[in-house]
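Asks:
Protein chains: 2
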Amino acid sequence: MSTVTDARATGPGETGAGASALGQLIDELGDRVILDPAALDVLRTDRSGWWSEGGALALVEARSVEDVQAVLRIASAHRVPVVPRGAGTGLAGGATATPGAIVLSVREMDRILEIALDDEIAVVEPGVINAALGEALEPHGYAFSPDPASKAISTIGGNIATNAGGLMCAKYGVTREAVLGLDVVLPDGSLLSTGRRTVKGVTGYDLTALFTGSEGTLGVIVGATVRIRPIPPGQLVTIAAFFSDLTAAAAACAAVTASRVRPAVMELMDALTVAAVTRYLGTPERAPGAAFVLVQTDGAGAAEEGDAIARVLREAGAFSVEQSADPVVAAELLAFRRSMHPALEVLGEVLIEDICVPRSALPAMFAEIERIGAAYGLDIPTVAHAGDGNLHPNFVVPPAIVGVPGGEVVGGAPDIVWQAADELFESARRLGGTLTGEHGVGVLKRRWLEGELGESGLELQRRLKAVFDPLGIMNPGKVY
Amino acid sequence: MSTVTDARATGPGETGAGASALGQLIDELGDRVILDPAALDVLRTDRSGWWSEGGALALVEARSVEDVQAVLRIASAHRVPVVPRGAGTGLAGGATATPGAIVLSVREMDRILEIALDDEIAVVEPGVINAALGEALEPHGYAFSPDPASKAISTIGGNIATNAGGLMCAKYGVTREAVLGLDVVLPDGSLLSTGRRTVKGVTGYDLTALFTGSEGTLGVIVGATVRIRPIPPGQLVTIAAFFSDLTAAAAACAAVTASRVRPAVMELMDALTVAAVTRYLGTPERAPGAAFVLVQTDGAGAAEEGDAIARVLREAGAFSVEQSADPVVAAELLAFRRSMHPALEVLGEVLIEDICVPRSALPAMFAEIERIGAAYGLDIPTVAHAGDGNLHPNFVVPPAIVGVPGGEVVGGAPDIVWQAADELFESARRLGGTLTGEHGVGVLKRRWLEGELGESGLELQRRLKAVFDPLGIMNPGKVY
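Chains as they are written, first to last, in full-length UniProt numbering: chain Z, 1 to 480; chain G, 1 to 480.
1) Establish whether the CB of G/E304 and some CB of chain Z are separated by less than 8 angstroms.
2) Report the option in G/L59, G/A17, G/R63 whose CA atom is closest to the CA atom of G/A95.
3) Against chain Z, with Cβ distances strictly below 8 angstroms, would G/G356 count as a contact?
4) Please state whether DSSP places G/N163 in a helix, a strand or coil.
5) Evaluate the contact criterion for the region 248-256 of chain G versus the region 156-172 of chain G: three or more CB pairs, one atom per stretch, below 8 angstroms.
6) Where does G/S339 sit, in a helix, a strand or coil, going by DSSP?
7) Can you list, in chain order, the residues of the region 158-182 of chain Z whose Cβ is nearer than 8 angstroms to any Cβ on chain G?
8) Can you find the residues in the same chain that come closer than 6 angstroms, C-beta to C-beta, to Z/T434, ignoring five residues on each side of it along the sequence?
9) I need the boundaries of the beta strand (DSSP E) containing Z/D41, first residue and last residue.
10) Inspect the beta-carbon positions of G/G241 and G/L313 and report whether they are closer than 8 angstroms.
11) I need the straight-line Cα distance from G/K478 to G/R463, nearest angstrom please.
12) Look at Z/V185 and Z/G157 and say whether their C-beta atoms are less than 8 angstroms apart.
13) Where do the ends of the alpha helix (DSSP H) carrying G/R111 lie?
14) Assign G/V124 to one of two classes, buried (16 or more other C-beta atoms within 10 Å of its C-beta) or exposed (fewer than that).
15) Excluding the 5 residues preceding and the 5 following G/S193 in the sequence, name in chain order all residues of the same chain whose CB lies nearer than 6 angstroms to its CB.
16) Applying the 10 Å Cβ sphere with the 16-neighbour rule, what's the burial state of Z/G454?
17) Based on the DSSP secondary-structure assignment, which residues constitute the bridge partners of G/W51?
18) Going by C-alpha distance, which of G/L207, G/V222, G/E368 is nearest G/V467?
19) Pull the bridge partners of G/R85 from the DSSP assignment, please.
20) Name, please, each residue of chain Z whose Cβ falls closer than 9 angstroms to the Cβ of G/T98.
21) Nearest CA to the CA of G/A152: which residue from G/L137, G/C169, G/L133?
22) Using the beta-carbon of each residue, which ones in chain Z are nearer than 9 angstroms to G/D388?
23) Under a CB-based cut-off of 8 angstroms, is Z/G411 close to chain G?
24) Specify the secondary structure class of Z/M1 as computed by DSSP and reduced to three states.
25) Do you know how far the Cα of G/G377 is from the Cα of Z/A149?
26) What residue range does the beta strand (DSSP E) around Z/R227 cover?
27) Please name the residues in the region 116-134 of chain G whose beta-carbon is closer than 8 angstroms to at least one beta-carbon of chain Z, in chain order.
28) Between Z/G407 and G/P139, what straight-line distance do the alpha-carbon atoms span, to the nearest angstrom?
29) Taking only beta-carbon positions, decide if G/Y205 is within less than 8 angstroms of chain Z.
30) Do three or more CB pairs link the region 290-302 of chain G to the region 244-253 of chain G at distances below 8 angstroms?
31) Since I believe G/R32 is in contact with G/D67 (beta carbons under 8 angstroms), could you give me their beta-carbon distance rounded to a whole number of angstroms?
32) Going by DSSP in three states, G/A152 sits in which element: helix, strand or coil?
33) In terms of residue numbering, what span does the alpha helix (DSSP H) encompassing Z/H78 cover?
34) Give a yes or no on whether the C-beta atoms belonging to residue 526 of chain Z and Z/V106 are separated by under 8 angstroms.
35) With distances taken Cα to Cα, identify the nearest neighbour of Z/A143 among Z/A367, Z/G93, Z/T225, Z/P232.
36) Locate the alpha helix (DSSP H) running through Z/N475, then write down its first and last residues.
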């Protein structure tokens with residue numbers, strides 16, 4: 001959304017505590033402390049489109065665990081809020097600067113410290129880009145499973161902080177399943193190590209899982225021991241199918257699941273996304289209302305599984321099924337799915353939602369999205385990770401609507417989108433689902449949190465937070 | 001170990017609080033309250049061999065969530081400890097009755113409430129036996145992944161409370177990865193629901209993971225939504241190989257891992273276990289010092305993967321490799337591994353340990369076990385889940401040692417075993433491992449907990465416990 005200057009913005013050093021903290025930060029951390037207004041201004045947002053109403057006190061670009069410890073000690077001493085941040089690619093506003101906070105970036109802590117193939121683990125600093133670890137592993141025949149769409153630009157620390165998902169979760173699990181241990185700096189500056197280098201281990205409560213997905217509200221992740229997995233021998237088979245309508249495509253995905261073959265990837269694009277991508281790529285027009293299914297199989301049984309899935313898709317009524325193990329052809333087939341975001345971005349501002357429903361509720365959820373779109377006069381093109389019931393409805397707001405008088409611009413989206421989102425989350429919950437499958441709560445979904453967790457559940461979570469962060473300095477205003 | 005009568009045993013109603021609580025329990029729960037001394041006495045132990053020094057105040061056999069809530073409300077009101085218990089098959093003493101406590105059994109809450117194949121979930125009460133769920137799923141072609149060796153006798157609630165592992169964890173994950181949501185009665189009697197029915201979801205802290213493995217110290221699990229998985233189409237291939245020594249066998253397992261094929265099962269038995277089983281089964285003598293490796297592959301690529309693994313094992317020096325996809329032959333091959341426990345039990349009292357090390361440290365850990373066994377004059381036959389570095393060294397204490405004057409009988413094992421175990425855990429930790437991979441801490445490993453978590457880590461865990469259990473009534477004396 002548009003950048004606006006907001007009168008409520010809080011400048012550095014506005015408060016006495018802020019000024020004292022800032023002085024101490026500069027004393028101890030020197031040129032790692034950034035005060036340039038332009039550099040601070042961009043921290044008010046991330047990839048969600050949300051802009052916070054005020055600027056940070058300072059940005060600290062930490063280069064070591066000790067830097068992070070120093071920042072948190074100072075912040076605790078002066079009761080100044082801290083916003084941990086990686087690459088700023090979040091989709092829920094979880095790492096956006098809040099007025100007067102210290103934004104603590106670990107982006108420069110980007111060393112891969114160890115790759116132990118025989119133990120199938122890697123030890124990384126939090127600022128390592130997800131894809132960079134993948135590139136380091138690939139020549140050895142290993143991979144890091146979590147594969148959020150942002151993998152080329154997002155950090156592993158951020159992936160852990162949001163428990164990021166991706167396309168291959170149904171087969172290879174979410175980020176939590178890939179994290180064995182963490183080093184975390186707590187708000188008082190102390191360093192806590194959780195978990196271990198072993199695959200199994202049940203000594204004490206699972207703090208590793210507690211920090212995974214905690215969105216910077218408990219401490220700052222400064223190191224991670226993650227599982228890596230062998231890339232299975234065998235080819236990767238890609239299957240692309242078009243259906244005359246979404247209902248048939250959704251039924252086809254259900255039929256694949258029922259066939260008990262577990263594809264590595266199974267993506268479902270609705271008619272609006274198919275139409276947008278067709279226009280964007282200039283590919284031949286499909287039948288009006290056509291929906292798209294993309295499937296990949298891997299491992300020793302990939303060819304056989306690919307054949308079985310292609311057969312299921314044909315039997316389920318696909319009017320076009322292409323299948324290939326050739327990487328060049330596969331890339332062409334994948335391009336249709338990969339072009340979705342650029343295709344939507346030319347249509348307006350895109351706000352990506354992230355609901356997840358039980359797999360069997362996918363058709364019902366698609367129907368709800370269509371109903372809500374019609375009710376609010378909004379196009380809500382939607383893609384689903386059909387293997388795990390995670391849908392990304394995209395609110396595409398034409399430029400004409402953004403910034404209209406009375407529209408809420410700070411906050412990232414006009415009111416009409418918030419109202420439609422409200423109905424969307426209500427529908428997802430009614431179908432047994434959740435308001436966020438893999439992006440996190442951040443600021444964008446905070447108002448719906450109590451509806452999902454319940455009053456006592458939310459209170460319990462707040463008490464857990466207080467165990468780690470009694471002063472409440474960790475990312476205040478996010479999630480809780 | 002032997003049952004002994006202990007003078008320190010606390011009878012029901014010994015204290016005023018106990019008597020008042022007991023009266024109220026009987027008023028509210030009637031015949032679900034069991035006071036029979038013999039029934040209470042057996043609760044002092046589980047499958048660990050440990051016997052607690054005193055008996056329970058009462059056993060309550062809960063039949064509903066409301067029963068559990070009533071017990072916890074009464075226990076909180078009177079500050080009486082509660083020990084949650086399932087089938088009593090634990091190996092760390094976590095569910096053993098402590099003097100004056102209410103043992104709250106959920107064993108009779110054993111209904112499978114729902115199986116939703118299209119959502120790949122099941123909803124169960126905590127007392128459902130692991131294998132019973134498997135039997136209900138198998139005709140549909142689905143399985144429940146967690147497969148502790150106790151699956152025929154242990155409950156899913158107990159599996160969750162200990163985050164149980166099993167033979168197939170390296171490929172299919174531990175219990176935590178199979179649990180999507182929990183219903184938990186908190187110490188104040190309130191009911192908390194965590195998690196969801198969806199595969200993904202990141203709303204709030206991961207309380208489901210926090211309760212998984214918490215060993216009854218936070219609340220009582222009264223319901224679980226678990227993932228089920230399709231049994232992959234294709235055959236199951238079983239490979240059994242003998243090596244002339246343990247070093248060669250361990251190297252062979254490492255070579256299988258390095259080949260990037262992920263077997264469903266990979267078990268390694270050392271020379272002592274091979275010798276014991278050979279004698280027990282009366283099968284032909286193997287080479288002195290021979291070690292055994294058992295591997296299973298499954299899924300569409302099972303045959304191809306099985307061939308590849310058999311090749312690796314032969315190249316690594318196996319002097320005998322048998323391979324079969326015939327279920328009858330497979331059962332014969334598996335029998336060698338499955339006979340280990342009965343074969344050891346004829347030799348003396350068996351205390352099963354449960355260390356886990358990074359996979360690459362398996363040979364070093366085996367060497368440590370041999371050294372410790374020699375130093376203490378103990379046989380420590382050991383089996384390892386070689387796919388994930390989890391070893392089960394078995395202290396086999398001949399009948400002559402158990403109960404010797406001065407030997408510690410209450411507590412389950414003679415001092416010499418504790419001393420050897422102490423060295424064992426020290427070695428595991430030095431190699432980057434943990435003192436328990438899948439059995440839990442319970443009472444048996446409590447004394448080593450701080451060594452692994454550190455003083456501040458342990459203190460943090462205690463503060464977390466207090467959030468849920470401020471009165472400290474949940475399973476006191478276990479873990480923390």
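Even glycine gets a Cβ: it sits at the ideal position worked out from N, Cα and C.
Replies: The structure says:
1) yes
2) G/L59
3) Rather than Gly, the amino acid found at residue 356 of chain G in this sequence is Cys. It does; some Cβ of chain Z falls within 8 angstroms.
4) coil
5) no
6) coil
7) T162, N163, G165, C169, A170, G173, V174, R176, E177
8) C356
9) First-last for Z/D41: 37-42, but that is the alpha helix (DSSP H), not the beta strand (DSSP E).
10) Note on identity: in this sequence residue 241 of chain G is Ala, with Gly being the wrong assignment. Yes; because the gap between Cβ atoms is below 8 angstroms, this pair is in contact.
11) 15 angstroms
12) no
13) No alpha helix (DSSP H) contains G/R111, which DSSP labels as neither H nor E.
14) buried
15) D183
16) exposed
17) G/T45
18) G/L207
19) G/S105
20) Result: empty, since nearest Cβ-Cβ is about 20 angstroms, beyond 9 angstroms.
21) G/L133
22) T198, V199, K200
23) Residue placement at Z/G411 is poorly supported in this model, since its pLDDT is 48, which falls under 50; the coordinates still yield a value, given next. Chain G, which has no Cβ nearer than 8 angstroms to the Cβ of Z/G411, makes this no.
24) Annotation note: pLDDT 35 at Z/M1 (below 50); position unreliable, coordinate value reported separately. In the structure shown, Z/M1 sits in coil (DSSP, three-state: anything other than H, G, I, E or B).
25) 57 angstroms
26) 220-227
27) A116, L117, D118, D119, E120, I121
28) Note that Z/G407 scores 35 on pLDDT, short of 50, meaning its location in the model is unreliable; the coordinates nonetheless yield the value given after this. For Z/G407 and G/P139, the distance between alpha carbons rounds to 57 angstroms.
29) yes
30) yes
31) 6 angstroms
32) coil
33) 65-78
34) Nothing can be reported for residue 526 of chain Z, as the shown portion of chain Z is limited to 1 through 480.
35) Z/P232
36) No alpha helix (DSSP H) holds Z/N475; DSSP gives it neither H nor E.
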